[in-house]
Amino acid sequence: MDAERRAALRGDTPTEFLLKQLETNGFFYKVDVNPDNSRLRSMFWSHPDIQDIYGWNSDVLILDCTYKTNSFDLPLLNIISMTNTNNVLPIAQCWRPGEKEENFVWALNNCAR
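And the structure:
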């Protein structure tokens with residue numbers, strides 16, 4: 001890691017820095033960490049302003065998963081909806097460990113909070 005990046009992270013790991021940024025900016029987020037090795041298994045986040053709009057437009061959710069993975073080998077799940085004016089509404093994003101039903105249930109349960 002180069003000196004400029006280390007300075008930007010202010011001594012945190014990239015994951016710690018991301019979580020602090022989400023907290024600082026009022027995002028709703030949940031993490032699932034492996035208790036054996038403290039490694040991130042899943043992470044869900046949603047912009048704070050989206051929840052009210054989502055409440056008015058929650059009839060249909062579209063789940064789009066990219067299989068390009070990040071440094072944790074976690075694919076990104078995008079959760080979107082359509083507004084009543086036919087605009088795309090990004091609801092949340094989620095890194096999850098796989099395609100098993102429980103991975104999607106975890107993400108959708110966080111969406112329904």
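Residues in the sequence shown are numbered from 1 upward in steps of one, following UniProt numbering. Quick reminder that beta carbons are idealized off the backbone N, C-alpha and C, glycines included. Please read all numbers here as calculations on a predicted model, not as lab measurements.
Scanning its chain for C-beta atoms nearer than 8 Å, with the 5 sequence neighbours on each side dropped, one finds around residue 60 the residues 81, 82, in chain order. The three-state secondary structure of residue 41, taken from DSSP, is strand. Taking C-alpha positions only, residue 43 is separated from residue 78 by approximately 12 Å.
In its chain, beyond the 5 residues on either side, 89, 90, 91, 92 have a beta carbon closer than 8 Å to the beta carbon of residue 50. Rounded to the nearest angstrom, the gap between the Cα atoms of residue 110 and residue 15 is 20 Å.
Put simply, the backbone Cα of residue 46 is about 27 Å away from that of residue 7. Its chain contains 83, 89 as the residues whose beta carbon lies nearer than 8 Å to that of residue 53, once the 5 sequence neighbours on both sides are disregarded; these appear in chain order.
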